[in-house]
Structure formats: C-alpha cells, structure tokens
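Structure first, commentary second.
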Amino acid sequence: MGHHILILGGTTEARMLADALANTTHRVMLSLAGRTRAPMAQPVPTRIGGFGGAEGLAQTLRADGFDLLIDATHPFATRITDNAAKAALETGIPAFALRRPPWKRQPGDLWTCVTSMQEAVAALGDTPRHVLLAIGRQEAALFEEAPQHAYLVRSVDPVEPPLTLPDVRYILATGPFSEADEHALLITHRIDCIVAKNSGGSATYGKIAAARALHIPVVLVERAPEAPLPTVGTVEEALARIDHVLAPGRKRGV
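Residue numbers (the numbering used here): -12 to 241.
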C-alpha cells in the first residue's frame, strides 16, 4: 500500500518528480506557493497558497496524515525550506530536499559573485550599462537605487507596479531558454551586463553560456546556506530516497 507524500513545488524538478510518482501506489499532493499567476498543469492533485509558516505546515502534515515531506522549491525559496525543516522536526515526519546543484564557474566566465540582491545593485557600479535583469519580479524594485543603467527586465509575470526608472523595458517569458536564443537577445538589446541568481539546472543556463561566449560580465547572486535537510540533486536520487525512507519497518525521522 502506498504512502501519502507532500511535495513543496514550483520547480521543473518538482513537476518531474510528481509525474514519476503519479502512477505509483503513493498518494501525492503538490503544493505551489501561488506566486505565478498561471502555473503549468501538474500531473497530481495540487494546492495553491501558503500554510501559515512552520506551525501551519506542521498542522497540515498531521491533519492530512502525510508520511513524507519533500521540499522541491526554488533554491532561493529559503523561508519555505526553513519552515519545512522546522515542521519535519516538530512532527517527526521524514523530510528531504530536492535541490539542483548550483552552476560552477567555467573558464571564460566573467562572474562577480555576491550574497544578496542589494550587493548586486552596488556591483553594477556607477558607469551606465545595459543590464539584463534575469532575477524574476520579486526584487526588481531594488534596482531603482541605480537609475543610471538601462534595464531589460525578464520575468514570468509583469513587474507591478512598474519600475520608476528612466530606461526600462520588459519581457514576459518562461524558460527554458536556449543558448542560441539568449545569444541573440543579448546582442539585439546591446546587453553588457547580466544580473542573475545561481539557480542551477539547464533551463536558464543559456544566458550564462551566451555571456561567456560574448565576454559579457555576470553579477551572480549566490545561494544562502540551506536549512538542515538531507538533500538530493536529481529526480532519480529523490525516487531512490523515497524508497529508502518509506521502506517497511523504518522509523520516522528527518
């Protein structure tokens, strides 16, 4: 008989894991934070919205009889990851994270690595530049502190309210983005700097590879230290861990 699994999603990996589990004996619920207005169709039952912090998540895990919690959220969704770790500890329900590895610097990469978006704003410098903001919409307003630059902002949903900048354009798009398409985008818009998060994975790596080929510098925001959850890097590893954690006779625990 299958188990009841809650996946905290919003990533390609979460959708792939849900798809792999959809035709098994497990009962799977995929939870989305609701930040994207029109999320893609999912292969398993889906809930939208938050839980009310770690305490609310713990209550849901108990009330709905979940046997396993999987955090497959975005690598920068640190608050959700922290709540997942706390809820798992409180309930004694096993939990782990599915987190794609970060990108590694390659020969030719012109990276300036920073630890926050505020540092990324400062790293652009005073000299005007043509900047591709590939960070989503949540923190775009921080760049109003550097109005000397011309910005091309790419996001899934519109930036609202629009940025109060003298030179800003917007592109609404959802990945994956190929290296060839990113190469053309950078040339067409005369981009001479990119601001991005070190999200890892292949879906948005095209801009990193294109920047390397064009010798364009990248201001890269690195990930914060993660909450203490066991972590796997691929869907295949996640499936193996599910089998291990939910093996008959195994005790509960993070």
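Ideal Cβ placement from N, Cα and C applies to all residues, glycine included. The model shown is predicted, which means the values in this text are computed figures rather than measured ones.
| Item | Value |
| --- | --- |
| Contacts around Trp90, its chain only, beta-carbon distance under 7 Å, and the 5 residues preceding and following it disregarded | Asn185, Gly187, Tyr192 and Ile195 |
| Arg156 (DSSP reduced to helix, strand or coil) | strand |
| Start-to-end residues for the beta strand (DSSP E) that takes in Ala84 | Ala82 to Leu85 |
| Residues that DSSP places opposite Met16 in a beta bridge | Leu(-7) |
| Exposed unless 16 or more other CB atoms sit within 10 angstroms - verdict on Arg124 | buried |
| First and last residue of the uninterrupted beta strand (DSSP E) at Arg34 | Thr33 to Ile35 |
| Residue nearest to Asp96 in terms of C-alpha spacing, selected from Ala211, Val222, His202 and Gly(-11) | His202 |
| Distance CB(Val(-7))-CB(Ser18) smaller than 8 Å | One detail in the question is off: residue -7 reads as Leu in this sequence, not Val. Contact: yes. |
| Cβ pair Val101, Val206 closer than 8 Å | yes |
| Counted within 10 angstroms of its Cβ, other Cβ atoms place Ala225 as buried (16 or more) or exposed | buried |
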